[in-house]
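J.: Before we start, here is the structure in question, set down as structure tokens.
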Amino acid sequence: MALRMTNEKKILFFHGFYASGQCIPAIALRAAFAEEAVVLTPDLPIHPHEALETGREIIATERPDLLIGNSCGAFYAQMLAPVTGTPALLGNPHFEMTSFLKSRIGTHEYKSPRKDGRQLFTIDESLIAEFAALEARQFEHCDNHFKDLVWGLFGEQDTLAHYEPLFLKHYSHSFHFPGNHTPTAEEVRNWYVPLAKRMLEGQFQPGERT
Numbered sequence: 001m002a003l004r005m006t007n008e009k010k011i012l013f014f015h016g017f018y019a020s021g022q023c024i025p026a027i028a029l030r031a032a033f034a035e036e037a038v039v040l041t042p043d044l045p046i047h048p049h050e051a052l053e054t055g056r057e058i059i060a061t062e063r064p065d066l067l068i069g070n071s072c073g074a075f076y077a078q079m080l081a082p083v084t085g086t087p088a089l090l091g092n093p094h095f096e097m098t099s100f101l102k103s104r105i106g107t108h109e110y111k112s113p114r115k116d117g118r119q120l121f122t123i124d125e126s127l128i129a130e131f132a133a134l135e136a137r138q139f140e141h142c143d144n145h146f147k148d149l150v151w152g153l154f155g156e157q158d159t160l161a162h163y164e165p166l167f168l169k170h171y172s173h174s175f176h177f178p179g180n181h182t183p184t185a186e187e188v189r190n191w192y193v194p195l196a197k198r199m200l201e202g203q204f205q206p207g208e209r210t
């Protein structure tokens, strides 16, 4: 078996709220970068503070070159990018998870398998309060240095998250793709991967919108 080069790039992917590290976007990213980069796709805890701490620990240990997040995972990636100094690609970021959760109180099932085998989770008022506390300060570490280092990718058919205007208050690179909230494997290959490659190559010219 061939040894990986020590200077190989690393990507850390943060999945969405109902997902896991085995969701379709995670699998598609690992396949697309199989010969070019290590793609880490951990399962994130349901509680946001624990999810952020998990992200911080992985970043400190693995030192990824790029964060990629989808939906709630993009919410986390945006908060972690400036404090860890890691560029990030945010896919359909959901910056108001409280609005998403309030109508979904109860027990639910993850849409992809988790490594610990636990497929059920509960949304309750205390979980919503945890997200509310983070939402109130989610952009507090944004600065001019990171204005061009966090990119947003927005699905034109997304019916769940409509936060491009809020994103553009803080960051300058915004892109569209003709898809829904959760990208298909093909959309990951055609839209997420090319942008991720540009970011890995350091193509951080001033603000760009498509």
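By our numbering, the letter at position 194 of the sequence shown is numbered 194, and the numbering carries on one by one without gaps.
C-beta atoms are modelled at their ideal positions from N, C-alpha and C, and glycine is treated no differently.
Note that the structure is a prediction, hence the values are computed from the model and not measured.
With DSSP as the reference, identify every bridge partner of residue 37, one or two as the case may be.
T.: Against the sequence shown, residue 37 aligns to sequence position 37. Answer by DSSP bridge pairing, in chain order: 9.
J.: Does the separation of the CB atoms of residue 92 and residue 154 fall below 8 Å?
T.: By one-based count along the sequence shown, residue 92 stands at place 92. By one-based count along the sequence shown, residue 154 stands at place 154. Contact flag set, yes.
J.: How far does the alpha helix (DSSP H) with residue 201 in it reach, from first residue to last?
T.: Indexing the sequence shown from 1 puts residue 201 at position 201. Where residue 201 is concerned, there is no enclosing alpha helix (DSSP H), given that its DSSP letter is neither H nor E.
J.: Compare the C-alpha of residue 108 against each of 102, 114, 115, 119 and name the closest.
T.: As a working note, residue 108 is residue 108 in the sequence shown. Checked all of 102, 114, 115, 119; the closest Cα to residue 108 is 119.
J.: Any idea which residues DSSP pairs residue 67 with across the strands?
T.: Indexing the sequence shown from 1 puts residue 67 at position 67. Paired residues: 12, 88.
J.: State the Cα-Cα distance for the pair residue 112 and residue 18, rounded to the nearest angstrom.
T.: Within the sequence shown, residue 112 is the residue found at index 112, counting from 1. Within the sequence shown, residue 18 is the residue found at index 18, counting from 1. One C-alpha to the other measures close to 8 Å.
J.: Could you check what DSSP says for residue 123 in three-state terms: helix, strand or coil?
T.: Residue numbering aside, residue 123 sits at position 123 when the sequence shown is read from its first letter. Strand, per DSSP.
J.: Mind checking which residues open and close the beta strand (DSSP E) that includes residue 49?
T.: Position 49 of the sequence shown, counting from 1, holds the residue named residue 49. Run containing residue 49: none in the beta strand (DSSP E); it sits in the alpha helix (DSSP H), 48-62.
J.: Quick check on the burial criterion: 16 or more other C-beta atoms within 10 angstroms. Buried or exposed for residue 117?
T.: Stepping through the sequence shown from its first residue, residue 117 is reached at position 117. Exposed, since its Cβ has fewer than 16 Cβ neighbours within 10 Å.
J.: Where DSSP assigns a beta bridge to residue 151, which residues make up the other side?
T.: Against the sequence shown, residue 151 aligns to sequence position 151. For residue 151, which the question treats as bridged, DSSP gives the partners 89, 173.
J.: Leaving aside the five residues before and after residue 20 along the sequence, list all residues of the same chain whose C-beta is less than 7 Å from its C-beta, in chain order.
T.: Here residue 20 refers to the residue found at position 20 of the sequence shown. 43, 110, 112, 113, 114, listed in sequence order.
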